[in-house]
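Working notes for the structure below.
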Amino acid sequence: MKRCTKLLASAALLLAGSTAFAADIIEGPVGDYCRTVGTSNLVLTDNIVDLKTQVVKLMDESVAVANSSEWINSSRPAFVWASEAKVACGMAYGYLKTNYKDEDTLNKCECFHDRMVEYMH
């Protein structure tokens, strides 16, 4: 019984300590993941058909990298950025199917894809 109580107390201390640490991380400075700040080239594209084509291209490339054992097993973070890019590009494409240009997801799509490519080379 004493051992169980000690175990629970230790777990509570670990949880309390990790929560305080997590709060410090959230309040810290936020890193800029994209090299360029501002509007992406995708957002500047006015033609929805061309924009859909570009987003699908970036999404397909990201999916290919995310499914490639070469990048899954690599020590480089290309797989991580590919996974982020495929989600962001998929969301952007979903909006585009309703003819809505969501600037946030378009910016993320291009940014994350660019980071993926950067880590591949």
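Per the working numbering, residue 1402 is the first one in the sequence shown, and the count goes up by one each step. Every residue gets a Cβ at the ideal spot worked out from N, C-alpha and C, and that includes glycine.
When Asp1503, Asp1505 and Glu1511 are compared, the shortest CA-CA separation from Ala1486 is found for Glu1511.
Counting other Cβ atoms within 10 Å of its Cβ, Lys1498 stays below 16 and is therefore classed as exposed.
In this structure, the CA atom of Thr1446 is about 32 angstroms from the CA atom of Ile1473. Secondary structure note for Thr1440: it is in no alpha helix (DSSP H), with a DSSP letter that is neither H nor E. In the DSSP annotation of this structure, the continuous segment of the alpha helix (DSSP H) that includes Thr1454 starts and ends at Ile1449 to Ala1467. In its chain, beyond the 5 residues on either side, Ser1441, Leu1443, Val1444 and Ala1493 have a beta carbon closer than 7 angstroms to the beta carbon of Leu1507.
If you draw a 10 Å sphere on the C-beta of Ser1470, you find fewer than 16 other C-beta atoms in it, and that means exposed.
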